[in-house]
Amino acid sequence: AQKVTQAQTEISVVEKEDVTLDCVYETRDTTYYLFWYKQPPSGELVFLIRRNSFDEQNEISGRYSWNFQKSTSSFNFTITASQVVDSAVYFCALSEAGGSEKLVFGKGTKLTVNP
Amino acid sequence: DARVTQTPRHKVTEMGQEVTMRCQPILGHNTVFWYRQTMMQGLELLAYFRNRAPLDDSGMPKDRFSAEMPDATLATLKIQPSEPRDSAVYFCASGLVQGGAYNEQFFGPGTRLTVL
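Encoded structure:
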């Protein structure tokens, strides 16, 4: 069975600090996709990134970066120089091969960035 | 700007009443998902369809929930009778699977349901 664990329930940082959100997954599939979604206080789910299981290259997008390590089944998300607007709940998710298959979500990490 | 739309955005009803939630997937997407978000369970899949056919509805309480796609532009999730424990935010998402090509899921804004 597939499972996603986000051990950090809540994180609070001060603006401009770097913060890393952890994600550990379990799957028996050899081909799978990993995702991060952001849910701001307004409630919508905003897609941030997807990564397939064959691509272990780290990715950087502005202040966001992702570290995928198959050896430890982890897909961690780092925000550099955090801003108040980054305050949200962040979800890590996993899907089977194909991408547009059902997502299994972690419980989410609530990030609060204080001014 | 293609988006998934959901109606209603908010619904307050009394226990025992029927509730119908609607979703319009992004035009051209062939896969539609219903997820439910609660504080206790987090985000969980209820059901999903491909080309209007149900692929998996194992996450849905069968006795009171039903999901359908009357046509390619409309997905519905119905609860009858509703119970207070059904109070949650219900998200619809759509995506495209075609010849192995991948497309991420796009989520609608959700329907916040409160059952009194």
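Sequences listed follow chains P and G, in order. Here the first sequence stands for residues 1068 to 1182, where the numbers follow the working numbering. Here the second sequence stands for residues 4 to 119, where the numbers follow the working numbering. C-beta atoms are modelled at their ideal positions from N, C-alpha and C, and glycine is treated no differently.
Beta carbon proximity, residue i to chain G, threshold 7 angstroms
| i | result |
| --- | --- |
| Arg1117/P | yes |
| Phe1172/P | yes |
| Lys1177/P | no |
| Leu1161/P | no |
| Lys1169/P | yes |
| Leu1101/P | no |
| Leu1112/P | yes |
Beta-carbon proximity check, residue i vs residue j, cutoff 7 angstroms
| i | j | result |
| --- | --- | --- |
| Val1180/P | Val1113/P | no |
| Leu77/G | Asn33/G | no |
| Phe1135/P | Glu1123/P | yes |
| Val1171/P | Gln1075/P | no |
| Ser1140/P | Val1091/P | yes |
| Pro64/G | Gly19/G | no |
| Tyr1131/P | Arg1117/P | no |
Contact with chain P by residue i, beta-carbon distance below 7 angstroms
| i | result |
| --- | --- |
| Leu119/G | no |
| Tyr51/G | yes |
| Gly113/G | yes |
| Leu80/G | no |
| Leu132/G | The structure shown has nothing for residue 132/G, since chain G only spans 4 to 119. |
| Pro102/G | One detail in the question is off: residue 102/G reads as Gly in this sequence, not Pro. No, Gly102/G does not count as interfacial toward chain P. |
| Glu71/G | no |
| Phe68/G | no |
| Leu46/G | yes |
Contacts around residue i, its chain only, beta-carbon distance under 8 angstroms, and the 5 residues preceding and following it disregarded
| i | result |
| --- | --- |
| Val1151/P | Glu1082, Val1180, Asn1181, Pro1182 |
Buried or exposed (CB count within 10 angstroms, at least 16 for buried), residue i
| i | result |
| --- | --- |
| Met24/G | buried |
| Ala96/G | buried |
| Val118/G | buried |
| Gln120/G | As shown, chain G starts at 4 and ends at 119. That puts residue 120/G outside it, with no answer to give. |
| Pro28/G | buried |
| Gly1129/P | exposed |
| Glu1077/P | exposed |
| Leu30/G | exposed |
| Ser1149/P | buried |
| Glu1168/P | buried |
| Ser1138/P | exposed |
| Gln44/G | exposed |
| Arg39/G | buried |
| Ala5/G | exposed |
| Thr41/G | exposed |
| Ser1109/P | exposed |
| Ser1162/P | buried |
Residues near residue i by beta carbon distance below 6 angstroms, same chain, minus five either side
| i | result |
| --- | --- |
| Glu1126/P | Trp1133 |
| Leu58/G | Tyr51 |
| Leu1088/P | Phe1144, Tyr1157, Thr1176 |
| Glu17/G | Leu119 |
| Met72/G | Phe52, Arg55, Ala78 |
Own chain partners of residue i with C-beta closer than 7 angstroms, once the 5 adjacent residues on each side are dropped
| i | result |
| --- | --- |
| Gly62/G | Glu47, Leu48, Leu49, Ala50 |
| Leu116/G | Lys14, Val22, Asp89, Ser90, Ala91, Tyr93 |
| Phe110/G | Val7, Phe94, Ala96 |
| Asn54/G | Asn33 |
Integer Cβ distance of residue i from residue j, believed to fall under 8 angstroms
| i | j | result |
| --- | --- | --- |
| Thr1176/P | Asp1085/P | About 15 angstroms; that fails the 8 angstroms criterion. |
| Pro11/G | Glu1111/P | With a Cβ gap of about 16 angstroms, Pro11/G and Glu1111/P do not count as contacting. |
| Pro1107/P | Ala1155/P | 4 angstroms |
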